[in-house]
Structures are given as C-alpha cells and as structure tokens.
Amino acid sequence: MYTYKIHLHKEEEGGYTVSVPSLPGCITYGETIDEAILMAKEAITLYIEELQERGENIPDDKNTLEYSLNVEAL
C-alpha cells in the first residue's frame, strides 16, 4: 500500500484540479471534491502501473509530514 498527499485547487470556472506532488506530471480534474479524489486514485494507480512496467522505483509520501502555514504580508 502506498500513501500519497494530493493538492486540490478550486478552479474559477468550477471543479477541482488535483496534483500529486511526489508523482511528477500526475494531474487530473473532477467537477466535485469527491469526483476529484476518485479521479486522483485512478490517476495514481495508472501512474504506479507504468512505473512498475518500467521497473522504476515507486515513490510515496508515507514518511512525509505536511503543514499549512498562514503568513501575514508586511
């Protein structure tokens, strides 16, 4: 089992773009948050399958911590 952090970016025209930082180029889209998460799972699965077929290392985020910081502009 692999662990991945995903970033959901709300688009002005609607929907959400999803990226997976530890898998370069793994980007997808969904109309709702639930659809975006489902699409991300599918994109990640396909990405991992491609890496396995090539015999490449499969990175994941199981040892990665993530924080959100708020910073006031001066």
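Residue numbers for the sequence shown, in the numbering used here: 1 to 74. The beta-carbon is built from N, C-alpha and C at its ideal position, and this holds for glycine as well.
Which of the three DSSP states, helix, strand or coil, is assigned to K10?
Three-state result, K10: strand.
For the beta strand (DSSP E) containing I27, list its first residue and its last residue.
It spans I27 to G30 - the beta strand (DSSP E) in which I27 sits, taken as one unbroken run.
Helix, strand or coil: how does DSSP classify T45 here?
In this structure, DSSP gives T45 a helical state, which the three-state scheme calls helix.
Alpha carbon of M39 to alpha carbon of A73, nearest angstrom:
For M39 and A73, the distance between alpha carbons rounds to 35 angstroms.
V20: buried (16+ other C-beta within 10 angstroms of its C-beta) or exposed?
Under the 10 Å beta carbon count, V20 is surrounded by 16 or more other beta carbons and is classified as buried.
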